[in-house]
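Quick note: to get the numbering used here, add 251 to the position in the sequence shown (first position is 1). Cβ atoms here follow ideal geometry from the backbone N, Cα and C, with glycine treated the same way. None of these values were measured; they are calculated from a predicted model. Just below is one structure, and these are the notes that go with it.
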Amino acid sequence: MAKLTKKQKEAHSKIEKDKLYSVADASALIKEITNTKFDASVDLAVRLGVDPRKANQMVRGVVTLPHGTGKDVKVLALVTPDKEAEAQEAGADYVGLDEYLEKIKNGWTDVDVIITMPSVMGKLGPLGRVLGPRGLMPNPKTGTVTMDVAKAVSEVKAGKIDFKVDKTGIVHAAIGKASFSADKIADNAKELLDTLNKLKPTAAKGVYMKTIFMSSTMSPSLQLDPKSI
């Protein structure tokens, strides 16, 4: 096992073993124990009491974080010419269609979110092997396939994220940056957790939110008290 550095030991010493933290306390402490030279990402990992293999227990959704993610999200709008100006005005980083489809076909995926229109989805089908594994395939359920391109672009730029439970039953999501105030981190965390609570499948039995961990890039994790949500 690798030895802990002085800063890592100091961070671990500030965490009370076996304590379940409230969202507010964890949000304040995560700032104290983050020691990176860059603005670290703050993440939540929520283990849900669901079986993702069953369609009626799949948890997937979108949430607009009140204070954004702190990340400059690069958006590609794959739209027809009549929608290009609308997408550009809304803040899309890349706007076009056939030229970008060709770039993606050749392996280009230097974007965070792709927004498109229903009429264009047929052209994206063959690119599923490139976009699918990277989580870039647009989906009507997450609002990335829509005729209201401007609204979709604006929402993503403002901090709208989509999440999906993985095959182990865990939802991972970035909820901000360590440079955020503790209040902003807490607000974003609560918004995600509240949204997850509303999405509890009726087929899921027993405890829904089993464990919740908050961490930042390279920091120890803090366990939150699900009862405080």
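DSSP state of residue i mapped onto helix, strand, coil
i      : result
His423 : strand
Ile355 : helix
Arg385 : helix
Met252 : A caution first: Met252 carries a pLDDT of 43, below 50, which makes its placement in the model too unreliable to give a value.
Lys441 : helix
Lys257 : helix
Ser467 : strand
Ile436 : helix
Lys461 : strand
Val396 : strand
Leu447 : helix
Lys265 : coil
Lys418 : coil
Lys408 : helix
Lys428 : strand
Nearest-angstrom Cα separation, counted from residue j out to residue i
i      : j      : result
Ala275 : Ala403 : 31 Å
Asp269 : Ser472 : 12 Å
Lys411 : Val313 : 7 Å
Thr397 : Thr256 : 49 Å
Asn247 : Gly420 : Since the displayed the chain opens at 252 and closes at 480, residue 247 lies outside it and no answer follows.
Lys354 : Leu382 : 12 Å
Gly379 : Ser264 : 46 Å
Ala328 : Gly386 : 16 Å
Thr393 : Gly373 : 18 Å
Ala338 : Tyr351 : 15 Å
Pro452 : Pro391 : 20 Å
Thr462 : Gly358 : 37 Å
Thr320 : Lys260 : 28 Å
Ala424 : Ala433 : 17 Å
Ile266 : Leu375 : 47 Å
Val458 : Ala440 : 20 Å
Beta-carbon contacts of residue i that lie in its chain and below 6 Å, excluding the five residues immediately before and after
i      : result
Leu271 : Gln474, Asp476
Lys334 : Val400
Leu450 : Val310, Gly312
Leu444 : Ile480
Thr395 : Ile366, Pro389
Contacting residues, own chain, Cβ-Cβ under 8 Å from residue i (five flanking each side not counted)
i      : result
Val416 : Leu299, Val301, Pro303, Met309, Val310, Arg311, Val422
Thr331 : Leu348, Met368, Ser370, Val371
Lys325 : Asp344, Tyr345, Asp361, Val362, Asp363, Val364
Lys258 : Asn286
Contact under 8 Å by Cβ, residue i with residue j
i      : j      : result
Lys429 : Asp323 : The amino acid occupying residue 429 in the given sequence is Ala; Lys does not appear at that position. For Ala429 and Asp323, no; Cβs fall outside 8 Å.
Ala482 : Ser405 : As displayed, the chain neither begins before 252 nor continues past 480, which places residue 482 out of reach and without an answer.
Ile366 : Pro389 : yes
Asn286 : Ala454 : no
Ser292 : Ser467 : yes
Ala296 : Phe464 : yes
Ser273 : Ser479 : yes
Ile436 : Ile281 : yes
Nonlocal neighbours in the same chain, by C-beta distance under 7 Å from residue i, ignoring five residues either side
i      : result
Glu442 : Val314, Leu316, Pro317
Lys408 : Val324, Val326, Gly342
Ala262 : Ile284, Asn286, Ser470, Pro471
Checklist entry - Which ranges does the alpha helix (DSSP H) cover as unbroken runs of at least 4 residues, wholly within the stretch 272-296, from first to last along the chain? => result 274-283
Next on the checklist: What ranges does the alpha helix (DSSP H) occupy inside the stretch 300-387, keeping only unbroken runs of at least 4 residues that lie completely in it?
Outcome noted: 332-341, 349-356, 372-375, 379-382
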